[in-house]
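*Asks:* Encoded as structure tokens, here's the structure I'll be asking about.
In the numbering used here, the protein residues as written are 34 to 234.
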């Protein structure tokens with residue numbers, strides 16, 4: 034199956050931003066999660082529901098990026114995520130907010146573990162890392178992709194992975210979240226400005 038067919042199949046089972054938010058909130062209130070029902074993933078889903086609501090309300094969009102987004106032609110933004118993903122909780126609300134600026138942008142969200150054929154087209158160093166944003170034109174050609182983290186955050190992650198005697202991932206997550214809190218989505222917005230500026234006229 035070629036990549037356009039894979040993308041089309043995933044779009045057929047995708048959610049709007051509002052539908053995904055309902056799923057996230059429902060899972061959080063019911064003590065559930067997307068994917069495997071593991072205690073730690075349920076905890077992170079509940080945490081992410083709270084965090085994503087806060088970020089959606091408090092984030093400030095860069096005016097240059099707003100201008101770029103509003104000038105875009107018709108596109109589909111296909112976003113791969115899971116409700117338990119901490120990185121997604123910090124970026125999905127920003128991406129959703131940007132998509133709302135332009136009625137020509139159709140943001141569709143899919144769950145990774147239900148769309149592994151799609152995920153495997155957009156691996157990060159061989160890993161199924163999320164979130165992953167894929168921008169498409171009307172013919173489902175890939176314009177650009179982004180994810181799973183801003184480069185500075187990803188560098189922190191690789192540094193942790195390569196460190197001997199590294200702390201548990203749960204402790205590293207605290208460090209990573211501190212970075213997200215201090216950065217206030219600035220790196221994500223800057224990287225999207227670069228992606229859009231180089232790939233879309």
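Think of the CB as a built atom: it goes at the ideal place given N, C-alpha and C, for glycine as much as any other residue.
Please list, in chain order, all residues of the same chain as residue 118 whose beta carbon is under 6 Å from its beta carbon, the five residues on each side excluded.
*Replies:* Closer than 6 Å at the Cβ level, and outside the excluded window around residue 118, lie 163.
*Asks:* Quick check on this structure: which residue in 169, 78, 53 and 61 has the alpha carbon closest to the alpha carbon of residue 36?
*Replies:* Measuring from the Cα of residue 36, the nearest candidate turns out to be 169.
*Asks:* Which of the three DSSP states is assigned to residue 154 in this structure?
*Replies:* Three-state DSSP puts residue 154 in coil, outside helix and strand.
*Asks:* Using DSSP with H/G/I as helix, E/B as strand and the rest coil, what is residue 167?
*Replies:* Strand.
*Asks:* How should residue 90 be labelled, buried or exposed, when 16 other C-beta atoms within 10 angstroms of its C-beta is the threshold for buried?
*Replies:* Looking at its Cβ environment, which holds fewer than 16 other Cβ atoms inside 10 Å, residue 90 is exposed.
*Asks:* Keeping to the same chain, check which residues put their C-beta closer than 6 Å to that of residue 229; ignore five residues upstream and five downstream.
*Replies:* So the list reads 101, once near-sequence residues are dropped.
*Asks:* Return the first residue and the last residue of the alpha helix (DSSP H) that residue 80 is part of.
*Replies:* 72-91 is the span of the alpha helix (DSSP H), which, as asked, contains residue 80.
*Asks:* Assuming residue 93 contacts residue 123 (C-beta within less than 8 Å), just tell me the rounded distance between them.
*Replies:* Wrong, their Cβ atoms sit about 14 Å apart, outside the cutoff.
*Asks:* Find out if the Cβ-Cβ distance for the pair residue 191, residue 224 is shorter than 9 Å.
*Replies:* Taking 9 Å as the Cβ cut-off, residue 191 and residue 224 do not qualify as a contacting pair.
*Asks:* Can you pull the DSSP bridge partners for residue 108?
*Replies:* Looking at the DSSP assignment, residue 108 forms a beta bridge with 138.
*Asks:* CA-CA distance, residue 31 and residue 129?
*Replies:* The structure shown has nothing for residue 31, since the chain only spans 34 to 234.
*Asks:* In angstroms, rounded to a whole number, what distance separates the CA positions of residue 176 and residue 196?
*Replies:* Going by the C-alpha atoms only, they are around 35 Å apart.
*Asks:* Between which two residues does the alpha helix (DSSP H) carrying residue 97 extend?
*Replies:* Run containing residue 97: 96-103, per the alpha helix (DSSP H) assignment.
*Asks:* Going by DSSP in three states, residue 35 sits in which element: helix, strand or coil?
*Replies:* Three-state DSSP puts residue 35 in coil, outside helix and strand.
*Asks:* Would you list the one or two residues that DSSP bridges to residue 177?
*Replies:* Looking at the DSSP assignment, residue 177 forms a beta bridge with 168.
*Asks:* So residue 50 and residue 132 are supposed to be a Cβ contact under 8 Å. How far apart are they, rounded?
*Replies:* Rounded, the Cβ-Cβ distance is 7 Å, consistent with contact.
*Asks:* Nearest CA to the CA of residue 109: which residue from 182, 193, 41 and 187?
*Replies:* It is 41.
*Asks:* Can you give the beta carbon distance from residue 148 to residue 116, rounded, assuming they're within the 8 Å contact cut?
*Replies:* Wrong, their Cβ atoms sit about 14 Å apart, outside the cutoff.
*Asks:* Can you tell which of 70, 96, 167 and 141 has its C-alpha closest to the C-alpha of residue 44?
*Replies:* Selected option, being the one with the closest Cα: 141.
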